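Student: Going line by line, the protein sequences match chains U and D.
For the first sequence, this note's numbering gives the first residue as 1, with consecutive numbering after it.
For the second sequence, this note's numbering gives the first residue as 248, with consecutive numbering after it.
All residues carry an ideal CB built from backbone N, CA and C; glycine is no exception.
Small disclaimer: the values here were computed from a predicted structure and weren't measured.
Protein chains: 2
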Amino acid sequence: MTKAVNLARHLTEQIESGHYAVGAAIPTEAELQQRFDVSRHTVREALRELKSRGLILARAGVGTVVRARAPATSFMQGMGTLEEVIQFGEATRMKLLARETVVADEALAGQVGARPGQELLRISLLRHRPREALPAGWVLIYLRPEHADVVGLIEGAREPVVRLVERRHGVRIAEVVQQIVASSLDAAQARVLRSRAGKPALHVTRRYFDAQDRLLMATVGLYPSERFSHNTCFRIQEHRERPKGTA
Amino acid sequence: MTKAVNLARHLTEQIESGHYAVGAAIPTEAELQQRFDVSRHTVREALRELKSRGLILARAGVGTVVRARAPATSFMQGMGTLEEVIQFGEATRMKLLARETVVADEALAGQVGARPGQELLRISLLRHRPREALPAGWVLIYLRPEHADVVGLIEGAREPVVRLVERRHGVRIAEVVQQIVASSLDAAQARVLRSRAGKPALHVTRRYFDAQDRLLMATVGLYPSERFSHNTCFRIQEHRERPKGTA
DNA sequence: AGCGATTTGTCCGTATGTATT
DNA sequence: TAATACATACGGACAAATCGC
Numbered sequence: 001m002t003k004a005v006n007l008a009r010h011l012t013e014q015i016e017s018g019h020y021a022v023g024a025a026i027p028t029e030a031e032l033q034q035r036f037d038v039s040r041h042t043v044r045e046a047l048r049e050l051k052s053r054g055l056i057l058a059r060a061g062v063g064t065v066v067r068a069r070a071p072a073t074s075f076m077q078g079m080g081t082l083e084e085v086i087q088f089g090e091a092t093r094m095k096l097l098a099r100e101t102v103v104a105d106e107a108l109a110g111q112v113g114a115r116p117g118q119e120l121l122r123i124s125l126l127r128h129r130p131r132e133a134l135p136a137g138w139v140l141i142y143l144r145p146e147h148a149d150v151v152g153l154i155e156g157a158r159e160p161v162v163r164l165v166e167r168r169h170g171v172r173i174a175e176v177v178q179q180i181v182a183s184s185l186d187a188a189q190a191r192v193l194r195s196r197a198g199k200p201a202l203h204v205t206r207r208y209f210d211a212q213d214r215l216l217m218a219t220v221g222l223y224p225s226e227r228f229s230h231n232t233c234f235r236i237q238e239h240r241e242r243p244k245g246t247a
Numbered sequence: 248m249t250k251a252v253n254l255a256r257h258l259t260e261q262i263e264s265g266h267y268a269v270g271a272a273i274p275t276e277a278e279l280q281q282r283f284d285v286s287r288h289t290v291r292e293a294l295r296e297l298k299s300r301g302l303i304l305a306r307a308g309v310g311t312v313v314r315a316r317a318p319a320t321s322f323m324q325g326m327g328t329l330e331e332v333i334q335f336g337e338a339t340r341m342k343l344l345a346r347e348t349v350v351a352d353e354a355l356a357g358q359v360g361a362r363p364g365q366e367l368l369r370i371s372l373l374r375h376r377p378r379e380a381l382p383a384g385w386v387l388i389y390l391r392p393e394h395a396d397v398v399g400l401i402e403g404a405r406e407p408v409v410r411l412v413e414r415r416h417g418v419r420i421a422e423v424v425q426q427i428v429a430s431s432l433d434a435a436q437a438r439v440l441r442s443r444a445g446k447p448a449l450h451v452t453r454r455y456f457d458a459q460d461r462l463l464m465a466t467v468g469l470y471p472s473e474r475f476s477h478n479t480c481f482r483i484q485e486h487r488e489r490p491k492g493t494a
């Protein structure tokens with residue numbers, strides 16, 4: 001058992017037992033270093049493990065807080081890759097309608113999880129399925145300005161925009177939060193989608209975060225009812241026993 | 248862009264492009280260190296990223312070989328237990344409207360995944376949130392006749408119906424397939440839900456299967472738009488190395 | 001079997017940058 | 001501005017695993 005693994009296990013137990021409550025701060029790196037008599041490198045190695053499991057959230061200048069108690073029982077697992085579950089079929093062509101820089105006001109910030117005043121690049125595009133005349137949906141994508149260069153890749157791409165951002169900028173999505181509500185198309189939306197005002201539609205909002213819980217991207221999609229259904233398959237994960245520890 | 252991220256991206260591209268073939272070795276840490284003029288720490292940081300994606304496999308004394316060219320099938324993991332993700336909110340009261348035995352015709356069989364001619368028990372109920380007058384949604388539940396005795400437990404229960412079936416009959420759900428479409432309420436539905444015809448609503452169909460892929464239960468829910476939103480949180484699972492095999 | 005060379009794994013110390021208060 | 005705390009990066013040292021002689 002390495003020191004880092006040992007420390008990670010210890011902290012995990014403390015979090016699971018509630019000794020460090022959700023929302024509370026855990027000791028600073030310097031303090032853990034002293035308390036367990038290890039190097040800072042080892043502390044960070046342990047914390048990295050907890051971050052990757054989503055148990056803690058570290059912020060420079062603030063500290064490290066507990067984000068979730070370890071899920072104890074049964075997990076669900078999406079059955080496929082991120083694409084399969086989240087996208088509707090891979091083969092949809094993208095048609096770029098507009099791109100513009102926007103500054104998030106209160107409403108937008110709340111909707112996509114940004115800070116008010118944050119500058120974002122908004123891309124408006126239509127999704128088309130092969131051999132279908134009408135667009136399957138209309139999507140607004142909000143990107144960070146430093147990721148603006150993926151826009152040129154979108155129309156020819158055969159993969160989701162989020163993958164383009166990941167690959168091109170070396171970031172990695174750790175978490176996706178999704179909200180689906182029913183709405184009906186207003187006149188402007190119906191015109192873009194070549195549908196009729198009042199038609200029911202799925203309103204899908206997704207926010208993509210990295211391991212440090214920073215917002216990397218957000219999408220707002222509008223899908224008229226007859227052209228789209230949102231399918232998910234969950235599979236209960238077998239509870240897997242960890243090998244007995246050598247205390 | 249950090250040096251480690253940069254190096255990781257470079258190596259990823261080389262692997263994806265086939266410059267380093269699957270099974271072939273990539274340069275040693277010492278060589279990468281020299282070639283990119285970075286510290287070994289940085290090299291290992293980059294390699295760790297590739298390991299966590301399952302792209303490479305490092306072994307002491309041997310070297311590091313490419314394991315997969317593909318973007319490792321990143322799985323998603325629901326963040327909570329089955330209840331937390333699938334249910335909306337915690338405490339919703341159930342109010343039983345009707346129960347009847349139906350024989351699945353073609354349409355129903357297709358919708359809920361049963362065989363045509365199969366006999367099913369249909370329960371109709373309204374979901375109410377505490378301290379709200381209007382029902383949050385209307386749900387039809389299709390049960391196998393041999394599970395009929397859970398009906399009496401529903402109204403007082405503090406857990407989902409699927410859990411009641413599991414506990415009372417010793418079965419276990421292994422898979423849930425869910426479909427969400429947007430629709431608008433017709434007159435009859437609006438009357439039941441005390442809403443107005445034409446209002447948009449989420450139409451949620453779920454089918455529950457056991458490990459042998461047998462249909463255990465199906466639900467069809469109708470949720471008026473302002474009363475319900477469907478929220479999901481996915482977390483990407485890190486690639487985890489299996490312990491050395493017991494060949 | 002033994003030994004040394006190679007390569008990754010673990011661990012330590014230190015310095016500097018960046019975000020937040 | 002100053003202090004705090006995490007992020008990134010550099011360096012060195014030794015251990016453990018593997019391979020070839």
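(1) According to the Cβ coordinates, are R346/D and R369/D closer than 9 Å?
(2) Would you mind stating whether A4/U and A58/U have Cβ atoms separated by less than 9 Å?
(3) For E132/U, decide whether its Cβ has a neighbour in chain D, counting only Cβ atoms nearer than 9 Å.
(4) Write down the C-beta distance between G61/U and T28/U rounded to the nearest angstrom, noting that I regard them as a contact closer than 8 Å.
(5) Contact criterion: CB-CB distance below 9 Å. Does I173/U meet it with respect to chain D?
(6) Going by other Cβ atoms of all chains shown within 10 Å of its Cβ, with 16 needed for buried, is M248/D buried or exposed?
(7) Just reading off the alpha helix (DSSP H) that L304/D is part of, what are its end residues?
(8) Of the residues that make up the stretch 276-300 of chain D, which ones have a beta carbon closer than 9 Å to any beta carbon in chain U?
(9) Quick check: what's the CA-CA separation for R48/U versus R295/D?
(10) Got a sec? Which residues, its chain only, sit under 8 Å from R362/D by beta carbon, not counting five neighbours each side?
(11) Between which residues of its own chain and R207/D is the CB-CB distance below 6 Å, once the five residues before and five after are set aside?
(12) My guess is that R207/U and V112/U are in contact by the Cβ rule of under 8 Å, so how many angstroms apart are they, rounded?
(13) What does Q426/D touch in chain U if you count any residue whose Cβ is under 9 Å from its own?
(14) When the distance is taken between beta carbons, is H147/U closer than 9 Å to L193/U?
(15) Applying a beta-carbon distance threshold of less than 7 Å, which residues of chain U neighbour M248/D?
(16) Give the DSSP bridge partners of L449/D, in chain order.
(17) Could you please give me the residues that DSSP links to G63/U through a beta bridge?
(18) From D396/D to R461/D, what distance separates their C-alpha atoms?
(19) What does DSSP give as the partner residue(s) for R127/U in the beta ladder?
(20) Taking buried to mean at least 16 other C-beta atoms within 10 Å of its own C-beta, is Q459/D buried or exposed?
(21) Go ahead and pull the three-state DSSP assignment for D457/D.
(22) Under three-state DSSP, which class holds H169/U?
(23) Distance, Cα to Cα, L222/U vs K199/U?
(24) Please classify L272/D: does DSSP put it in a helix, a strand, or coil?
(25) Measure the C-alpha to C-alpha separation of V181/U and H203/U and round it to an integer number of angstroms.
(26) Under 9 Å, Cβ to Cβ, is there at least one residue of chain U near R256/D?
(27) Beta-carbon within less than 6 Å of V220/U's beta-carbon, same chain only, minus the 5 sequence neighbours each way: which residues are those?
(28) If you count every other CB in all the chains shown that lies within 10 Å of the CB of G54/U, and 16 or more means buried, which is it?
(29) Where R414/D and C233/U are concerned, what is the direct C-alpha to C-alpha distance, given to the nearest angstrom?
(30) Taking the alpha-carbon of Q261/D as reference, which of V313/D, S286/D, H416/D, E485/D has the nearest alpha-carbon?
(31) When the distance is taken between beta carbons, is R144/U closer than 9 Å to L120/U?
(32) At a CB-CB cut-off below 7 Å, which residues of chain U make contact with R482/D?
(33) Around the Cβ of L164/U, are there at least 16 other Cβ atoms within 10 angstroms (buried) or fewer (exposed)?
(34) By the DSSP assignment, the alpha helix (DSSP H) with S52/U in it spans what residues?
(35) If you run the structure through DSSP and keep just helix, strand and coil, what is A218/U?
(36) Report the rounded CA-to-CA distance for I154/U versus V409/D, giving the unit in angstroms.
Tutor: Quick look at the numbers:
(1) In contact: R346/D and R369/D (Cβ atoms closer than 9 Å).
(2) Not a contact, by the Cβ cut-off of 9 Å.
(3) Taking Cβ atoms only, chain D never reaches closer than 9 Å to E132/U, which makes this a no.
(4) Actually they are not in contact, since the Cβ atoms of G61/U and T28/U sit about 11 Å apart, beyond 8 Å.
(5) It does: the Cβ of I173/U has a partner Cβ on chain D nearer than 9 Å.
(6) A residue is called buried once 16 or more other Cβ atoms fall within 10 Å of its Cβ, and M248/D, having fewer, is exposed.
(7) Counting along the chain, L304/D sits inside no alpha helix (DSSP H); it lies in the beta strand (DSSP E) bounded by residues 303-306.
(8) In summary, the residues of the stretch 276-300 of chain D whose CB is separated from some CB of chain U by less than 9 Å are H288, R295, E296, S299, R300, in the order they occur in the chain.
(9) Computed Cα separation, rounded: 11 Å.
(10) Result list for R362/D: A351, A356, in chain order.
(11) Since the displayed chain D opens at 248 and closes at 494, residue 207/D lies outside it and no answer follows.
(12) In this structure, R207/U and V112/U form a Cβ contact; the two beta carbons are roughly 6 Å apart against a cut-off of 8 Å.
(13) What Q426/D touches in chain U, judged by beta-carbon distance under 9 Å, is S229, H230, N231, T232, going in chain order.
(14) Result no, Cβ atoms of L193/U and H147/U do not sit closer than 9 Å.
(15) Residues of chain U passing the Cβ test: G170.
(16) DSSP output for L449/D lists A429/D, Y470/D as bridge partner(s).
(17) Residue pairing by DSSP puts G63/U in a beta bridge opposite R59/U.
(18) D396/D and R461/D have their alpha carbons spaced roughly 20 Å apart.
(19) Beta-bridge pairing by DSSP links R127/U to M94/U, G137/U.
(20) Exposed: under 16 other Cβ atoms inside 10 Å.
(21) Assigned with DSSP and collapsed to three states, D457/D falls in strand.
(22) H169/U sits in a helix when the DSSP states are folded into three classes.
(23) So the two alpha carbons sit approximately 11 Å from each other.
(24) Contrary to the premise, residue 272/D reads as Ala rather than Leu in this sequence. The answer is strand: DSSP assigns A272/D an E or B state.
(25) V181/U and H203/U have their alpha carbons spaced roughly 5 Å apart.
(26) True, the Cβ-Cβ gap to chain U drops below 9 Å.
(27) Sequence-distant partners of V220/U (beyond 5 residues in either direction) whose C-beta falls short of 6 Å from its own C-beta, in its chain, are L140, T205.
(28) It counts as buried.
(29) About 22 Å.
(30) The residue with the shortest Cα to Cα distance from Q261/D is V313/D.
(31) Yes, the pair counts as a contact, with Cβ atoms nearer than the cut-off.
(32) Within chain U, the residues near R482/D are G54, A174, E175.
(33) Here L164/U is buried: its Cβ has 16 or more other Cβ atoms, across all protein chains shown, within 10 Å.
(34) First-last of the alpha helix (DSSP H) with S52/U: 40-52.
(35) In this structure, A218/U counts as strand in the three-state DSSP scheme.
(36) Those two C-alpha atoms are separated by around 42 Å.
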